[in-house]
Every structure is written in C-alpha cells, then in structure tokens.
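Working notes, structure below.
Residue numbers (the numbering used here): 33 to 763.
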C-alpha cells in the first residue's frame with residue numbers, strides 16, 4: 033500500500049472505526065477534553081460525526097466527503113471536527129441522536145451534528161452527499177452556511193441551542209408519575225399482543241413489510257405470552273407467529289446458508305435480500321431464541337439453526353483469548369484485484385459460478401441431473417440473478433444470486449427423484465464446496481473491538497443453547513468468554529466493568545490509554561449472562577460475581593427520585609443529558625432486562641429490596657407500558673414475570689450424580705419463563721447456602737436427587753420423579 037498523505041490524531045486510537053479515518057485530510061479529534069478546549073479557545077463550532085466500522089453509508093460519506101482534500105480544508109478552517117464510534121460511546125451517540133430525531137423526524141448513521149463550543153447541538157442530520165442535488169443540499173454547502181451563520185448570528189445560535197437543550201431535557205424525562213405501583217400484567221400483555229398481532233406478516237412472518245428486522249425482543253415476548261396462555265387461541269397464535277417467523281428467517285437470504293450466522297436485516301418482505309453486515313448482538317439473541325423454539329417445539333430444525341449460529345461465532349467472531357468480536361462488514365472486494373468494495377460481494381453467486389463448482393452427475397437422480405441443478409433449484413438460483421433491481425439501487429448485485437431456500441426439502445427431493453436423506457447429504461456436500469470457494473475471496477472487514485454488553489448477549493446465547501441442547505461444549509465456551517470479561521473488562525480494584533477492549537498486535541488484547549467505563553447496558557447484559565451461565569454450569573462463582581455487579585449497577589445508575597436506571601453515570605460533565613432508553617430495538621433496552629435481573633438476583637440472594645426495585649422500574653415506565661407496550665415487549669414480558677413471582681427450582685443432589693443430571697435435564701427441557709434453577713449440593717459453607725439459609729432445611733428423599741419448587745422461599749413437597757417435576761414447571 034502507498035504511504036498515506038495525511039495522518040491525524042485518530043492514528044493513536046484503538047477503535048477500528050476511528051482508525052479507518054486516521055488518514056483523512058480532516059483534522060479529526062477523538063471525543064475528549066483536547067477537542068473541547070480547542071473549540072473554546074478558538075471560539076469555533078464543533079462538527080461531530082458518529083458512526084461505526086461496519087456501517088455502509090458511513091463508508092460512502094467518507095469516500096465522498098471526508099477523503100476530499102477540498103472539503104477537508106473547509107472543515108478544518110471553520111470547525112473542530114470530532115469522530116465518535118457509537119459502539120464505543122453509546123452515551124454520546126444517544127444524546128445527539130435524541131436531538132437529531134427530535135428535530136428532523138428521523139435518525140441513523142452516519143450522524144452529522146453541529147455543536148456550540150459548549151457541546152450544545154443546534155443543527156444535524158445523517159448522511160449528506162458532497163454536492164447539492166435536486167432533492168437535497170450537499171455537505172459542502174451545509175458546512176459553509178453554518179460557518180456563515182456562526183459569524184453573522186452567533187448570539188441567536190447560542191440562544192437557540194440552549195432552548196433546544198431545555199426542550200430535550202423535558203421531553204426525554206422518564207420518571208414515576210405519582211402512581212407508584214407497576215401496571216397490571218394481564219392488560220399490558222394483552223395490549224402488547226394485540227399491537228404485535230396487527231403488524232404481523234401472516235405470509236412471511238416478522239412485523240413489518242420492509243425493511244424487516246429479526247427483533248428477538250418480539251419473539252421472546254411471544255414465547256412468554258404463549259407459556260402463560262397455552263390453552264387459549266391467543267396463546268396458540270402467539271406461538272405460531274414466533275415459530276413461523278423463525279422458520280422463514282432461517283430459510284431466507286438473511287441467513288447465510290454457506291457461511292452460517294445471520295445478516296443484520298432484510299430489505300424486502302420475504303427475508304431475501306439482506307443488508308449483509310453481521311452483528312454479534314444478533315447472533316447472541318437469535319441463538320437464545322432458536323434454543324427456546326427447540327425447547328418448546330422439539331423440532332430439530334431449530335436446534336440445527338442454533339448450531340449453525342454458534343459455529344459461525346466460534347469460527348469467525350472469536351478471539352483466541354476467549355472474547356467475541358463485534359461485527360463483520362457488509363462490503364468487500366469482489367476479487368483480489370478489485371479497486372472498489374461492493375455490498376454482499378463475499379456472499380453472492382452467479383449461476384455460471386455455481387455450475388462450474390458443482391458439475392458432478394447425481395447418482396440415482398433423474399438422468400442428466402448435476403449437483404448444480406439440485407442446489408440451484410433448492411436455493412432459488414436464476415440464470416440472470418434473483419435480486420429484484422428495486423432492492424439494488426446501486427446495481428451492486430446485478431446478475432448475482434442471494435441464496436434462499438425456496439421449497440421444502442421433500443419437494444426438491446421429489447423434483448429430482450431423490451430420497452430426502454440423500455438430498456440432505458448432497459446439499460451438505462455443495463455447501464462445503466462453496467464454502468471452500470468463498471474462502472478464496474477477499475473477506476469483509478472484521479471489527480475486532482470487544483464490548484462487554486455484546487459479549488454478555490453472546491455468553492447468554494452459548495449458555496442457553498448448552499443447557500437446552502445438552503451440549504457441554506457450548507457451556508464451556510460461555511465460561512471461557514465470562515473468564516475473558518473478568519480478566520480484560522473488569523477492574524477488580526474499583527469493582528467496575530469496562531466498556532471495551534481491542535485485538536492488538538500479535539493477537540494480544542489491548543486497552544485504551546484511558547479505558548471507557550461500563551455503561552448500564554454493559555452491566556445488565558453481563559449480569560444476565562452470568563445468571564444464564566450459572567444455570568447452565570452450576571458454578572457458584574458466576575453467581576457471586578453477578579450479585580456484586582448488581583450492587584455496583586445500583587450504586588452507579590439508579591435514579592432515587594424518578595426511579596429506574598439512567599443509561600450513564602452522573603460523573604461525565606461532557607454529557608449534557610442523563611437519559612433512560614424507552615424503546616426495545618435491535619437489543620432490549622437495559623431497564624427491561626434489569627427488571628428480570630433484579631428478580632433473579634433476589635431469588636439467589638434473599639435480598640427482597642431488589643424485588644421492590646424491579647417494581648419501581650415498572651412504575652416509572654407505567655404510562656408507556658399501558659399505552660404503547662409494543663415499544664417495550666421485553667419490559668412487558670418482565671411485567672408478567674414480576675406479577676407471577678419467580679419459581680425457585682431447587683434440586684438437592686450431587687451435581688455429578690446421574691440422578692441429579694436427569695433431574696436437571698428435565699428442568700432444562702421445559703420452557704418456563706418464570707423459573708430460576710439452583711442445585712443444593714449439601715456444601716453448607718458454599719456461596720448459595722450462605723445467601724439462602726432455607727436451603728439447609730431441604731433434604732434428599734430416599735437418598736435420591738430431589739426437587740423442590742419454592743416461591744418466596746416457601747417450598748413444595750419433595751419431588752423425585754422427573755415426569756412429575758416437568759408437569760409442575762409448566763406455567
């Protein structure tokens with residue numbers, strides 16, 4: 033590669049996104065005091081650009097504007113320019129995205145915001161083309177107009193920014209409104225189900241026409257709704273909606289049929305043409321959802337999808353030290369000699385390529401049938417490509433095919449006169465060949481940043497899959513990642529989590545010069561992961577760490593006046609707002625998960641004030657939960673768990689004994705959204721016995737592993753039959 037002409041301060045950063053911009057002619061600063069001081073000293077406006085390393089439109093804006101010498105000169109002359117990786121600093125992103133959404137009616141990345149020297153926003157948007165077009169003003173023009181405004185109307189801009197900030201403070205406040213009790217579960221659950229049901233796509237599953245996102249929070253809610261309404265038509269419909277959505281996604285092009293794992297979202301109604309980036313948080317949550325689908329239905333199809341996701345993550349998103357990387361990009365070079373990256377280039381195929389790679393005649397099939405014929409029929413491959421031009425505005429996928437399982441295996445087998453078992457082996461052979469061919473292509477960029485929150489979601493995925501599928505290897509992988517977090521993303525001196533660490537030179541793990549402290553989302557997803565890992569591994573050390581982190585979360589983020597948790601600590605003066613997220617999106621909002629974490633923590637510790645705290649969160653969000661619960665399906669689910677009271681399932685027995693293992697398998701094979709599992713192994717000096725003195729009174733019956741189902745530390749009669757226990761666990 034040629035020696036870069038420009039190098040700016042971002043060269044000293046660890047974030048892959050910031051490093052992508054280190055050779056722009058723009059004099060970028062990272063978010064921090066040096067940039068703030070320069071803006072004040074020179075009385076300059078700040079231009080804030082926020083994105084992430086696998087963001088397609090971020091790449092476009094960099095190519096068009098931030099790599100332009102001329103535009104760079106305008107930016108450097110009139111502004112102090114700051115670059116932020118939204119995955120590293122979700123706190124900064126959230127404050128200014130709240131402003132952009134409030135003032136423009138939309139949001140997204142790259143986010144472009146202009147701030148006064150004291151960090152107050154007054155103008156903003158997302159992607160800007162470099163030059164003026166018919167329908168929108170160009171970035172160069174916007175820069176020059178804003179610079180002119182600052183020169184001519186400084187006082188008016190300052191006054192306007194102050195007004196905007198006060199309005200944002202007022203509208204974004206979430207607090208308890210006089211009424212201090214959580215909303216009723218039945219009404220909130222029913223309203224949420226009705227609202228989801230109205231947006232459900234009967235044909236293809238999912239909850240909109242297009243674009244279509246996986247939304248694990250919706251599926252998790254539907255599973256819980258089914259569990260609590262199993263004998264009603266509504267319950268049956270909820271389960272059908274969730275399972276049909278998961279099946280259609282797995283058949284669709286959003287699922288990578290050759291390289292495993294799931295892409296970010298589908299641009300069409302049919303789950304066919306994806307936006308090709310792959311995010312860790314999707315893999316973690318979808319592994320958990322497909323595990324639950326298998327647990328409920330017993331259908332091996334769902335178990336196979338779980339194994340597919342975890343294979344992808346183990347192979348492509350795993351650091352050798354045990355952590356998980358953040359994402360893989362959508363764009364890559366089509367060939368080793370290409371000069372320009374294209375979206376999806378790594379994943380798509382021409383019919384000609386497939387014929388050349390799969391020319392073998394198929395024994396026992398209709399005469400003249402090749403492997404290519406069978407594979408192309410099954411995965412909807414067309415000679416001229418199977419991508420609708422309307423879904424390919426830049427013609428990047430012209431003549432290409434995105435694989436989508438078009439028909440059931442039985443129909444494909446019948447089409448070519450094959451047995452279903454024979455078809456399965458043939459398709460597997462084709463997939464292996466195509467995987468080898470794809471390995472010769474230039475890979476998309478890998479974001480090797482490791483985030484505590486997303487690692488938490490992935491640990492939960494591995495732990496839940498390990499417990500449900502009885503795969504010890506998955507539980508071990510979850511434990512390896514949890515140990516990685518304790519080593520690299522936890523400060524034992526302060527007892528606090530850190531947000532991020534990075535793959536360094538020679539595969540070492542590196543930390544920023546000034547580490548970023550953990551946010552609320554880091555705590556809630558890691559605590560949830562540690563509870564899931566305890567239930568899968570029965571290692572009490574994970575439980576102890578989870579309870580420590582819960583105490584720390586209370587100390588750093590709890591709002592004693594308005595209730596619920598703030599997303600950020602109070603100690604950062606550069607953050608103009610302390611916000612509480614109020615919408616479950618690609619990930620659940622942290623307060624939604626915090627409710628269930630608090631209830632689980634109370635069951636494992638006996639601290640009943642945590643149950644009270646959970647109720648206070650629900651009270652703070654009560655109005656939203658009652659009016660538009662569909663925006664918070666995970667919190668609606670938590671409301672049901674709160675009102676139904678968690679069952680403590682205690683198994684007295686030797687964790688290594690066959691009878692105990694049989695009991696555990698029985699518990700793990702039943703989907704019960706309101707249970708916590710623990711094993712009383714007789715070690716009265718152990719962590720659990722110290723936390724929960726009532727365990728000492730529970731005994732094995734006739735020397736066999738014995739289960740008790742307890743509620744608020746009052747227990748049922750002993751149960752030694754696995755069958756009976758399963759029946760008692762059904763909600």
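Every residue gets a Cβ at the ideal spot worked out from N, C-alpha and C, and that includes glycine.
Task: Where residue 166 falls, given that 16 or more other Cβ within 10 Å makes a residue buried - done: Residue mapping note: residue 166 aligns to position 134 of the chain shown, counting from 1. With fewer than 16 Cβ atoms within 10 Å of its Cβ, residue 166 is classed as exposed.
Task: Meets three-Cβ-pair contact criterion under 8 Å: the stretch 437–448 and the stretch 255–265 - done: no
Open item on the list: Using only the alpha-carbon positions, how far apart do residue 246 and residue 507 sit?
Closed with: As a working note, residue 246 is residue 214 in the chain shown. As a working note, residue 507 is residue 475 in the chain shown. Distance between the alpha carbons of residue 246 and residue 507 is about 25 Å.
Open item on the list: Let me confirm a value: residue 60 is counted as buried when at least 16 other C-beta atoms fall within 10 Å, else exposed. Which label applies?
Closed with: Residue 60 sits at position 28 when you count from the first residue of the chain shown. Buried is the call here.
Open item on the list: Does the structure place the stretch 94–107 close enough to the stretch 66–76 that three or more beta carbon pairs sit under 8 Å?
Closed with: no
Task: Whole-Å CB distance - residue 497 paired with residue 323, under 8 Å assumed - done: Within the chain shown, numbered from 1, the residue matching residue 497 stands at position 465. Within the chain shown, numbered from 1, the residue matching residue 323 stands at position 291. Indeed, because the Cβ distance is near 5 Å, the residues count as touching under 8 Å.
Open item on the list: Here's the rule I'm using: 16 or more other beta-carbon atoms within 10 Å means buried, otherwise exposed. How should residue 764 be labelled?
Closed with: The chain is shown only over 33 to 763; residue 764 falls outside these bounds and no answer can be derived.
- [ ] With DSSP as the reference, label residue 776 as helix, strand or coil.
- [x] Residue 776 is absent from the structure shown; the chain starts at 33 and stops at 763.
Task: Start and end residues, alpha helix (DSSP H) containing residue 722 - done: For the purposes of this step, residue 722 is taken as the residue at position 690 of the chain shown. 719–723 is the extent of the alpha helix (DSSP H) around residue 722.
TODO: Could you check which residue in 719, 192, 680 has the C-alpha nearest to that of residue 747?
DONE: As a first step, residue 747 must be located in the chain shown, where it is residue number 715. If we check each option's Cα against that of residue 747, 680 comes out closest.
Task: Every unbroken alpha helix (DSSP H) within the stretch 508–579, with a cutoff of 4 residues, ordered by chain - done: 552–569
Open item on the list: According to DSSP, residue 433 sits in a beta bridge with which residue or residues?
Closed with: The residue you call residue 433 lines up with position 401 of the chain shown. DSSP lists 381 as partners of residue 433.
Open item on the list: So, with DSSP's three-state summary, where would you put residue 419?
Closed with: Walking along the chain shown from the start, residue 419 turns up at place 387. In this structure, residue 419 counts as coil in the three-state DSSP scheme.
Task: With 16 other Cβ atoms within 10 Å as the buried cut-off, status of residue 126 - done: Along the chain shown, read from residue 1 onward, the residue named residue 126 stands at position 94. Residue 126 should be labelled buried.
TODO: Measure the alpha-carbon distance for residue 387 versus residue 445 and round it to whole angstroms.
DONE: Position 355 of the chain shown holds residue 387. Position 413 of the chain shown holds residue 445. The straight-line gap from Cα to Cα measures roughly 19 Å.
Open item on the list: Taking contact to mean 3 or more Cβ pairs, one atom from each stretch, closer than 8 Å, check whether the stretch 131–149 and the stretch 36–50 are in contact.
Closed with: no
Open item on the list: I need the boundaries of the beta strand (DSSP E) containing residue 153, first residue and last residue.
Closed with: For the purposes of this step, residue 153 is taken as residue 121 along the chain shown, with counting starting at 1. Run containing residue 153: 153–157, per the beta strand (DSSP E) assignment.
Task: For residue 36, the nearest candidate out of 731, 50, 717, 55 (CA to CA) - done: Here the question's residue 36 lines up with position 4 in the chain shown. For residue 36, the nearest C-alpha among the options comes from 55.
- [ ] Tell me whether residue 49 sits in a helix, a strand or coil according to DSSP, three-state version.
- [x] Start at 1 with the first residue of the chain shown, and residue 49 comes out as number 17. Three-state result, residue 49: helix.
Open item on the list: In this structure, how does DSSP classify residue 621 when only helix, strand and coil are distinguished?
Closed with: Position 589 of the chain shown, counted from the first residue, corresponds to residue 621. Coil.
Task: Distance, residue 172 Cα to residue 58 Cα - done: Counting from one through the chain shown, the residue named residue 58 turns up at place 26. Counting from one through the chain shown, the residue named residue 172 turns up at place 140. Approximately 13 Å between the Cα atoms of the pair.
TODO: Report the rounded CA-to-CA distance for residue 404 versus residue 611, giving the unit in angstroms.
DONE: Position 372 of the chain shown holds residue 404. Position 579 of the chain shown holds residue 611. So the two alpha carbons sit approximately 54 Å from each other.
- [ ] Confirm, please, whether the CB-CB distance from residue 529 to residue 561 is below 7 Å.
- [x] Along the chain shown, one-based indexing puts residue 561 at 529. Along the chain shown, one-based indexing puts residue 529 at 497. The answer is no: Cβ separation not under 7 Å.
Open item on the list: Just to confirm the assignment, what range does the alpha helix (DSSP H) spanning residue 390 have?
Closed with: Here residue 390 is taken as the residue at index 358 of the chain shown, counted from 1. Premise fails: residue 390 is in no alpha helix (DSSP H) and is neither H nor E.
TODO: Report the option in 467, 257, 491 whose CA atom is closest to the CA atom of residue 354.
DONE: Mapped onto the chain shown, residue 354 falls at position 322. The candidate whose alpha carbon is nearest that of residue 354 is 491.
Task: Runs of alpha helix (DSSP H) lying entirely within the stretch 651–723, each at least 4 residues, in chain order - done: 654–659, 665–676, 690–700, 719–723
Task: Buried or exposed by the 16-neighbour rule on C-beta atoms within 10 Å, applied to residue 410 - done: On the chain shown, position 378 is the one that residue 410 refers to. The residue in question, residue 410, is buried, as its Cβ has 16 or more Cβ neighbours within 10 Å.
Open item on the list: Between the alpha carbons of residue 160 and residue 473, how many angstroms are there, rounded?
Closed with: By one-based count along the chain shown, residue 160 stands at place 128. By one-based count along the chain shown, residue 473 stands at place 441. Whole-angstrom Cα-Cα distance: 32 Å.
Task: Backbone CA spacing between residue 343 and residue 542 [nearest angstrom] - done: The residue given as residue 343 occupies position 311 in the chain shown. The residue given as residue 542 occupies position 510 in the chain shown. So the two alpha carbons sit approximately 26 Å from each other.
TODO: Assuming residue 357 contacts residue 554 (C-beta within less than 8 Å), just tell me the rounded distance between them.
DONE: Counted from its first residue, the chain shown places residue 357 at position 325. Counted from its first residue, the chain shown places residue 554 at position 522. That pair is no contact at about 16 Å.
Task: Best match in 544, 494, 393 for proximity to residue 566 [C-alpha to C-alpha] - done: Residue mapping note: residue 566 aligns to position 534 of the chain shown, counting from 1. When each option's Cα is compared against that of residue 566, the closest is 494.
Open item on the list: Tell me which residue opens and which closes the alpha helix (DSSP H) that residue 135 is part of.
Closed with: Numbered from 1 along the chain shown, position 103 holds the residue referred to as residue 135. Residue 135 -> alpha helix (DSSP H) spans 122–136.
Task: Three-pair Cβ contact test at 8 Å for the stretch 707–727 versus the stretch 661–676 - done: no
TODO: Please confirm whether residue 539 and residue 352 have their CB atoms less than 7 Å apart.
DONE: If you number the chain shown from 1, residue 539 lands on position 507. If you number the chain shown from 1, residue 352 lands on position 320. In contact: residue 539 and residue 352 (Cβ atoms closer than 7 Å).
Task: According to DSSP, residues forming a beta bridge with residue 743 - done: What you label residue 743 is simply residue 711 of the chain shown in a count that begins at 1. DSSP lists 746 as partners of residue 743.
- [ ] Would you give the residue range spanned by the alpha helix (DSSP H) that residue 462 belongs to?
- [x] To locate residue 462, count along the chain shown from 1; it is residue 430. Looking at the DSSP string, the run of the alpha helix (DSSP H) that includes residue 462 is 452–470.
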